[in-house]
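**Student:**
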Amino acid sequence: GENVEQHPSTLSVQEGDSAVIKCTYSDSASNYFPWYKQELGKGPQLIIDIRSNVGEKKDQRIAVTLNKTAKHFSLHITETQPEDSAVYFCAASGPGYSSASKIIFGSGTRLSIRP
Amino acid sequence: GAGVSQSPSNKVTEKGKDVELRCDPISGHTALYWYRQSLGQGLEFLIYFQGNSAPDKSGLPSDRFSAERTGGSVSTLTIQRTQQEDSAVYLCASSYTGQRGDTQYFGPGTRLTVL
């Protein structure tokens, strides 16, 4: 089945700097890649997603890139702010899964923004 | 509108007891998912309900775990004869159609502690 690996597990950056989180997936048929942000005591929330027909997508300070050949995708956060501190999860989904919308999650990255 | 709600928010139980966790999805959402999140870990898929179709139970870790969804809305996850390794946050999510790429909206989770 699909396997999603996420790095790093923890990341600390200075406020205002950029943060990059990387994920790889194993199933070449995967075609949907969402990113979730989980704040303390809350459930994960979708922040951005990308489908396999595009290589990059941006939404204000966050962007996601996808390299289908290498089977990896990355989350980029620019001009980081204290409220960006959270755990971030990448995920992948595709037609080979037993359920149409079952998503396989990475292990998460705890991002800390230093003031 | 109201998001996904879960109850209780916290549950402490003794080893060997049964527990029931409740999820109220967003009104009108046809798909409902249960995940387990152990301390510092990613999200582990447990079970998926889509409309009137048979649920996808492929993620349930043992026959002590079961779930039902009544009337296509509220769902309960039941863990029988709880073990200490069952301690985790149990997250529920719902999506509008359950189709691939459909955003999953998560509830705040139930933190289960088995003593």
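Protein sequence lines correspond, in order, to chains Z and E. Just so we're aligned: the first sequence equals residues 6 to 120 in my numbering. Just so we're aligned: the second sequence equals residues 28 to 142 in my numbering. Think of the CB as a built atom: it goes at the ideal place given N, C-alpha and C, for glycine as much as any other residue.
Quick one: is A75/Z buried, meaning 16 or more other Cβ sit within 10 Å of its Cβ, or exposed?
**Tutor:** Looking up residue 75/Z in the first sequence gives position 70. A75/Z comes out exposed.
**Student:** Do we get a CB-CB distance below 8 Å when we pair F78/Z with the residues of chain E?
**Tutor:** Position 73 of the first sequence, counted from the first residue, corresponds to residue 78/Z. No - not a single Cβ of chain E is within 8 Å of the one on F78/Z.
**Student:** Residues of chain E with a CB under 7 Å from the CB of G60/Z: which are they?
**Tutor:** Taking the first sequence and counting its residues from 1, one reaches residue 60/Z at position 55. Those within 7 Å of G60/Z in chain E number zero; the least Cβ separation is about 17 Å.
**Student:** Would you say the region 96-103 of chain E touches the region 45-62 of chain E, given that touching needs at least three Cβ pairs under 8 Å?
**Tutor:** The answer is yes - the region 45-62 of chain E touches the region 96-103 of chain E, with three or more Cβ pairs under 8 Å.
**Student:** Taking DSSP as the reference, what is the three-state secondary structure of E61/Z?
**Tutor:** Indexing the first sequence from 1 puts residue 61/Z at position 56. In this structure, E61/Z counts as strand in the three-state DSSP scheme.
**Student:** Could you tell me which of A81/E, I106/E and Y117/E sits nearest to N37/E, measuring between CA atoms?
**Tutor:** On the second sequence, position 10 is the one that residue 37/E refers to. The option with the nearest alpha carbon to N37/E is Y117/E.
**Student:** Using the three-state DSSP reduction, which class does D22/Z fall into: helix, strand or coil?
**Tutor:** By one-based count along the first sequence, residue 22/Z stands at place 17. D22/Z falls in the coil class under three-state DSSP.
**Student:** Suppose you measure from the CA of V141/E to the CA of Q107/E; what does that come to, to the nearest Å?
**Tutor:** In the second sequence, residue 141/E corresponds to position 114, counting from 1. In the second sequence, residue 107/E corresponds to position 80, counting from 1. Whole-angstrom Cα-Cα distance: 12 Å.
**Student:** Do V39/E and Y132/E have their C-beta atoms closer together than 8 Å?
**Tutor:** For this step, residue 39/E is matched to residue 12 along the second sequence. For this step, residue 132/E is matched to residue 105 along the second sequence. No. Outside cutoff.
**Student:** Look at Y41/Z and I26/Z and say whether their C-beta atoms are less than 8 Å apart.
**Tutor:** Here residue 41/Z corresponds to residue number 36 of the first sequence, with the count starting at 1. Here residue 26/Z corresponds to residue number 21 of the first sequence, with the count starting at 1. Result no, Cβ atoms of Y41/Z and I26/Z do not sit closer than 8 Å.
**Student:** Report the residue from V46/E, G78/E and L66/E whose alpha carbon sits nearest the alpha carbon of Q126/E.
**Tutor:** Translated into the one-based positions of the second sequence, residue 126/E becomes position 99. The option with the nearest alpha carbon to Q126/E is G78/E.
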